[in-house]
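Asks:
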Amino acid sequence: MKKVIIATKNKGKAKEFKAFFAPYKIEAVSLLDLEEEVPDIEETGESFVENAALKAEEISSRFQQPVLADDSGLIIDSLEGRPGIYSARYAGEPTNDQANIDKVLEEMKQIPLEERSARFVCVLAIARPDEETIFVTGYCEGHIKTEQCGENGFGYDPIFIPKGYTETMAQLDPSEKNQISHRKQAMKQLEKRIHLL
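Numbering (my numbering), first residue to last: 48 to 244.
1. Does Ala116 come out as helix, strand or coil in the three-state DSSP assignment?
2. Figure out for me which residue from Leu171, Thr213, Asp204 has the closest Cα to the Cα of Gln236.
3. Classify Met295 as buried or exposed, calling it buried when 16 or more other Cβ atoms lie within 10 Å of its own Cβ.
4. Determine the burial state of His242: buried for a count of at least 16 other Cβ atoms within 10 Å of its Cβ, exposed for fewer.
5. Kindly identify the DSSP beta-bridge partner or partners of Pro130.
6. Taking just the CA atoms, how far does Phe207 sit from Gln145?
7. Which residues in the same chain as Glu90 place their Cβ atom closer than 8 Å to its Cβ, once the five residues preceding and following it in sequence are excluded?
8. Could you check if Thr215 is buried or exposed, using at least 16 other CB atoms within 10 Å of its CB as the buried criterion?
9. For the beta strand (DSSP E) that Lys239 lies in, which residues bound it at each end?
10. Suppose the cutoff is 6 Å on Cβ atoms and the five residues either side in sequence are ignored; what does the same chain contact list for Asp124 look like?
11. Quick check: what's the CA-CA separation for Phe95 versus Lys49?
12. Label Leu115 either buried or exposed according to how many other C-beta atoms from any shown protein chain fall within 10 Å of its C-beta, with 16 as the threshold for buried.
13. Does the Cβ of Ser228 have 16 or more other Cβ atoms within 10 Å, making it buried, or fewer, making it exposed?
14. Would a C-beta distance cut-off of 8 Å place Phe201 and Cys187 closer than the cut-off?
15. Taking the DSSP output, what are the residues bridged to Tyr186?
16. Going straight from the alpha carbon of Met174 to that of Gln157, what length do you get?
17. Thinking C-alpha only, which one of Leu160, Val51, Leu81 is nearest Pro113?
18. Can you tell me whether DSSP reads Ile181 as helix, strand or coil?
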């Protein structure tokens with residue numbers, strides 16, 4: 048059976064990728080499943096692509112195995128693309144979802160509804176020993192609400208309304224959110240290239 052390492056210590060994310068690869072007879076293992084402790088890789092890139100590549104390529108060269116890494120975040124047009132690659136730590140360290148949401152809402156206080164367009168972006172990088180790294184990107188378009196609503200999800204979900212919806216990501220049923228999410232869209236792109244693994 049083919050094997051791919053998922054460069055994450057997030058159990059939820061690992062579970063999602065394991066389920067994705069299963070029909071293709073590819074075993075996905077997360078960093079938590081490995082016997083060797085893998086230190087966190089510093090995301091020093093200046094784009095989602097660079098950060099995903101850094102993680103995938105470093106771990107792939109260490110284990111000589113195919114590795115999938117993702118980097119994702121929120122791009123808000125009226126904030127010149129912020130929080131972007133700093134989405135997780137936008138309000139500083141340690142990372143705090145509520146502080147990040149508060150900072151975005153504060154920065155957007157004066158911005159009218161029609162200028163609050165935004166999108167979630169997910170870049171998946173697959174690094175393989177001695178091969179060129181593959182990249183796929185998924186988007187979820189929408190806009191930023193003026194206050195937070197909903198208990199589901201995480202990150203910026205309580206202030207993000209996907210295109211075609213009237214509720215925030217955090218108000219949607221998780222199964223519905225997962226069908227339209229940026230990660231799901233990236234996985235759809237990955238399906239077309241799964242044979243390269």
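Beta carbons: idealized from backbone N, C-alpha and C, even for Gly.
This one's a predicted model, so the numbers in the text were calculated from it and none came from an experiment.
Replies: The structure says:
1. In the structure shown, Ala116 adopts extended strand secondary structure according to DSSP, grouped into three states.
2. Put simply, of Leu171, Thr213, Asp204 the residue whose alpha carbon is nearest the alpha carbon of Gln236 is Leu171.
3. Nothing can be reported for residue 295, as the shown portion of the chain is limited to 48 through 244.
4. Answer is exposed; the Cβ neighbour count stays below 16.
5. Ile122
6. Distance from the CA atom of Gln145 to the CA atom of Phe207, rounded to whole angstroms, is 14 Å.
7. Listed in chain order, the non-local C-beta contacts of Glu90 below 8 Å within the same chain comprise Asn98, Leu101, Lys102, Asp118, Ile132, local neighbours out to five positions each way being set aside.
8. buried
9. Lys239 -> no beta strand (DSSP E), and no H or E assigned at all.
10. Ser164.
11. 27 Å
12. Leu115 counts as buried, since at least 16 other C-beta atoms from the protein chains shown sit within 10 angstroms of its C-beta.
13. buried
14. no
15. Val168
16. The question names Met, but residue 174 is Ala in the sequence shown. Answer to the nearest angstrom: the Cα atoms are 43 Å apart.
17. Val51
18. strand
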